[in-house]
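*Asks:* Mind looking over this structure? Questions follow.
Number of protein chains: 2
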Amino acid sequence: MISVSEARVHLLELVSPLGTELVPLAEAAGRVLADDVAARRDQPPFAASAMDGYAVKSAEVELHAMFKVIGEAAAGHGFDGTVGAGQAVRIFTGAPIPDGADFVVIQEDVTAKGTLITITDAPGDNPNVRPRGGDFKNGQTISAPRLLTPSDIALLAAMNIAEVPVARKPDIALISTGDELVMPGGTPGPDQIIASNTFGLKAMLEGLGAQVRILPIARDTHSSLRTAFSLAEGADLIVTIGGASVGDHDLVGEVAADLGMERSFYKVAMRPGKPLMAGRLDTSAMAGLPGNPVSAMVCGHIFLAPMVRAMLGLPPLQEVILSAPLAAPLGQNGPREHYMRATLTEDGQIRAFERQDSALLTVLAEADALLIRPPHDPPREIGETMSYLRLI
Amino acid sequence: MISVSEARVHLLELVSPLGTELVPLAEAAGRVLADDVAARRDQPPFAASAMDGYAVKSAEVELHAMFKVIGEAAAGHGFDGTVGAGQAVRIFTGAPIPDGADFVVIQEDVTAKGTLITITDAPGDNPNVRPRGGDFKNGQTISAPRLLTPSDIALLAAMNIAEVPVARKPDIALISTGDELVMPGGTPGPDQIIASNTFGLKAMLEGLGAQVRILPIARDTHSSLRTAFSLAEGADLIVTIGGASVGDHDLVGEVAADLGMERSFYKVAMRPGKPLMAGRLDTSAMAGLPGNPVSAMVCGHIFLAPMVRAMLGLPPLQEVILSAPLAAPLGQNGPREHYMRATLTEDGQIRAFERQDSALLTVLAEADALLIRPPHDPPREIGETMSYLRLI
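Chains as they are written, first to last, in UniProt numbering: chain A, 1 to 392; chain B, 1 to 392.
Here it is as structure tokens:
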């Protein structure tokens, strides 16, 4: 058996960034910026008014000063002339500051009479001018890799980036294996259950930025598994679920080996989770997850999520390990790293659920964290600080 | 001027849950469960083995006991007969426990010779049996409303729910207004800038579960605005950006009033944000956001996000207000509630950015939090606890 971190290192060796594609800006949110992009202009592209008011010369600004209004500057419609001594231009937020002016007296500080204005409230020192390029300058870059947020999308728009170079989405094929499985909506026989892992993993992996295909369930025969692998051809990552140790046989391993897979490892010292295998099959990375529903989902969080991030060109997520004080004591941990289904209390403590059987999807659905216990972790008291992964 | 919380109450009065649609399970992640759903079966559907081993009668389990193996039970293929005294059935994880047996001796505790097995390691008290219905029982429900996570999807699959009743996605039409705006990819004139708000808001609102259309930019004329409103017809929510106070005119308000909108309010005591308006236009709710890029995005977080949640049938998100100690002091706040662009430090403190101008998209893109300051909040020292909203 190997440790969780050794297994993760092996898995990450199987994948690499997938290259770049251009997508329209409106479809770039949640994608990973793959190349640095440079602003195509200054923002603002001109010195602009930050307020509604009157553009004047700063040297003339003082209480009771009077100006003649000679024109108007609105957003999209600047004032073409020049502001001279004793002159003002009516100006609105976002409009270009006219030549000759360098100060905007806000309209609340002014009394207007016809085309004359008087400063009737102390205007302060703030010129209310946004300098040209004050937000960003032509050529200023956003650095890749970067998971693009809504704010990033707004910024890319303002930079006039209509098409965005993003990492290609990993193509992941999910194969669940087992004679006991029936697809949701089917009618299970007396010894059968509904396939749930592929659906949960698809949702998880798509949320991380992958494109996921659920392949037909593979039966516990060589030919059925071979068919499933052939349908998965061309995927960046093939994930099998279950069957890694079916009874006395290791059907998935055998078929994968027949197809030329070099297996990297087999068993990982974790709960829930073992057995687990991985390797390469032609151009695809391949990972074999255990069939227990909770084990499969936890392995998805622990192993597949970092692989997806790596394929997207994102750095590993070490920093996502959080910590919180225990809300209830825990006994001694065994020899395997244990990812306990847990919940965060309102006052920020963490509490492991009583029932940790890896078959319990109801418990997983209530969990919002996986409490991490290293191998042989000693008994823990209330208030001790424990590491956890946040589930979303 | 009205307060942020008053404004939010008004806005929430404009919307209500939108009703339900059925979607295939594979498309239900991230949607909001709209009706309670009930499991269509017990899980497991039979008492099942939790381990690989041998199914026997618990009364016979003791060190050195010997059994004759009379058959095999695998997942999907139960054993049809009954386990009698002195008998055992080879069994694998997930297989039905055969009639007559109620205990699984794990294979590591057994020595096998032909069809005879002997218990050679103390088997302990755990029967390694998952009772029928131990995860969930037929008819057990998942309660609506609930934002469906990957784990929920796995659970729904196991319950054999192939189609899921979810809240219809809010249809949101975004109209940016202003003669100064050009779409990304266009060639702006000397007084023009690139429309960024609609792109950022689309990404944000789609991430919250809405379906968003960006309409053509409306020019600062009655006819152009009227055209835009006609294109938005049928939307659950129409959002205009900018133009709520264009110079001395309030074009959006005038045109909306012509079209029959009753305006609910106009100015909100917040930074960044005012002016802001809202009302109803036929069957649509309507919200008018300010045109400053950061103001529009912050108003999206503060006002539109709760509206989307309400249309999806989700409860308000009071609990999402977090708190953290200040990393740098803050001066006195003015009369308006201030949502300061801020960042969380590695050790969990919060630091507001120096530059809080509502035109700075570069600052917003670096922010991962909005630090919330109530009106007239006094000066704050390092270490004082401040409220914030997490930006994602």
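All C-beta atoms, glycine included, are put in the ideal place defined by N, C-alpha and C.
Note that the structure is predicted; figures quoted are calculated from it, not measured.
With distances taken from CA atoms, which of B:Val166, B:Ala173 and B:Pro150 is nearest Pro216 of chain B?
*Replies:* Nearest of B:Val166, B:Ala173 and B:Pro150 to Pro216 of chain B, Cα basis: B:Ala173.
*Asks:* Could you check whether Leu370 of chain A and Arg351 of chain A sit closer than 9 angstroms to each other, using their CB atoms as the reference points?
*Replies:* no
*Asks:* Please list, in chain order, all residues of the same chain as Gln211 of chain B whose beta carbon is under 8 angstroms from its beta carbon, the five residues on each side excluded.
*Replies:* Within the same chain, Lys169, Pro170, Asp171 and Ile172 come within 8 angstroms of Gln211 of chain B by CB-CB distance, once the 5 residues on both sides are set aside.
*Asks:* Looking at the C-beta of Ile382 of chain B, does it have a partner C-beta in chain A at a distance below 9 angstroms?
*Replies:* no
*Asks:* Run through chain B and tell me which residues come within less than 9 angstroms of Asp135 of chain A, C-beta to C-beta.
*Replies:* Pro293, Asp357, Ala359, Leu360, Leu361, Thr362 and Val363
*Asks:* Nearest-angstrom Cα distance between Gln107 of chain B and Ala7 of chain A?
*Replies:* So the two alpha carbons sit approximately 25 angstroms from each other.
*Asks:* DSSP puts Ala48 of chain A in a beta bridge; with which residues?
*Replies:* A:Pro96 and A:Arg130
*Asks:* Looking only at its own chain, which residues have a Cβ that is under 8 angstroms from the Cβ of His222 of chain A, when we skip the five neighbours before and after it?
*Replies:* Leu251, Glu254, Val255 and Asp258
*Asks:* Alpha carbon to alpha carbon, how far is Leu312 of chain A from Lys267 of chain A?
*Replies:* 27 angstroms
*Asks:* So for Ser3 of chain A, helix, strand or coil by DSSP?
*Replies:* coil
*Asks:* Count the other CB atoms within 10 Å of the CB of Arg380 of chain B; is the residue buried (16 or more) or exposed (fewer)?
*Replies:* buried
*Asks:* Along the chain, where does the beta strand (DSSP E) containing Gly144 of chain A start, and where does it finish?
*Replies:* The identity of residue 144 of chain A in the sequence shown is Ala, whereas the question assumes Gly. No beta strand (DSSP E) contains Ala144 of chain A, which DSSP labels as neither H nor E.
*Asks:* Contact criterion: CB-CB distance below 9 angstroms. Does Ala203 of chain B meet it with respect to chain A?
*Replies:* At least one chain A Cβ lies under 9 angstroms of Ala203 of chain B.
*Asks:* Given a threshold of 16 other Cβ atoms within 10 Å of its Cβ, counted over all protein chains shown, does Gln332 of chain B qualify as buried or as exposed?
*Replies:* exposed
*Asks:* On the three-state DSSP scale, how would you describe Gly207 of chain A?
*Replies:* helix
*Asks:* Just the Cα atoms here: how many angstroms apart are Asp52 of chain B and Pro24 of chain A?
*Replies:* 52 angstroms
*Asks:* Tell me whether the stretch 31–43 of chain B and the stretch 68–84 of chain B touch, counting them as touching only if at least three CB pairs, one residue from each stretch, are closer than 8 angstroms.
*Replies:* no
*Asks:* When Cβ atoms are compared, which residues of the stretch 148–172 of chain B fall closer than 9 angstroms to chain A?
*Replies:* Correct list: Leu148, Thr149, Pro150, Ser151, Asp152, Ile153, Ala154, Leu155, Leu156, Ala157, Ala158, Met159, Asn160, Ile161, Ala162 and Glu163.
*Asks:* For Leu289 of chain B, which of helix, strand or coil comes out of DSSP?
*Replies:* strand
*Asks:* Of the residues that make up the stretch 64–87 of chain B, which ones have a beta carbon closer than 7 angstroms to any beta carbon in chain A?
*Replies:* Ala74, Ala75, Gly76, His77 and Gly78
*Asks:* I need the DSSP call for Pro306 of chain A, collapsed to helix, strand or coil.
*Replies:* Helix.
*Asks:* What is the residue span of the alpha helix (DSSP H) that Glu254 of chain B lies within?
*Replies:* Leu251 to Asp258
*Asks:* Check this for me: beta carbons of Pro49 of chain A and Arg130 of chain A, under 9 angstroms apart or not?
*Replies:* The residue asked about is misnamed: residue 49 of chain A is Ser in this sequence, not Pro. Closer than 9 angstroms, so yes.
*Asks:* Please list the partners that Ala50 of chain B has in chain A, where partner means a Cβ-to-Cβ separation under 8 angstroms.
*Replies:* Asp357 and Ala359
*Asks:* Consider the Cβ of Asn197 of chain A: report whether some Cβ of chain B lies at a distance smaller than 9 angstroms.
*Replies:* yes
*Asks:* State the Cα-Cα distance for the pair His376 of chain A and Gly273 of chain A, rounded to the nearest angstrom.
*Replies:* 17 angstroms
*Asks:* Count the other CB atoms, across all protein chains shown, that sit within 10 Å of the CB of Pro378 of chain A; report buried if there are 16 or more and exposed otherwise.
*Replies:* Under this definition Pro378 of chain A is an exposed residue.
*Asks:* If you measure between the beta carbons of Ile302 of chain A and Met270 of chain A, is that distance less than 9 angstroms?
*Replies:* yes
*Asks:* Can you give the Cα-Cα distance for Pro335 of chain B and Met386 of chain B, rounded to whole angstroms?
*Replies:* 18 angstroms
*Asks:* Who are the Cβ neighbours of Pro150 of chain B in its own chain at under 8 angstroms, not counting the five residues just before and after it?
*Replies:* Ala29
*Asks:* Can you pull the chain A neighbours of Pro45 of chain B, defined as C-beta to C-beta under 8 angstroms?
*Replies:* Pro188, Pro190, Gln192 and Ile193
*Asks:* Output the distance between the C-alpha atoms of Ile153 of chain A and Arg309 of chain B, rounded to the nearest integer angstrom.
*Replies:* 22 angstroms
*Asks:* For Met340 of chain A, return the contacting residues in chain B, with the cut-off set at a CB-CB distance below 9 angstroms.
*Replies:* Correct list: empty, because the minimum Cβ distance to chain B is about 15 angstroms.
*Asks:* Residues of chain B with a CB under 7 angstroms from the CB of Gly178 of chain A: which are they?
*Replies:* Ala75 and Gly76
*Asks:* Taking a contact to mean a Cβ-Cβ separation below 9 angstroms, would you say Val105 of chain A touches Ile117 of chain A in this structure?
*Replies:* yes
*Asks:* Which runs of the beta strand (DSSP E) fall wholly inside the stretch 29–77 of chain A and span at least 3 residues, in chain order?
*Replies:* 53–56 and 66–73
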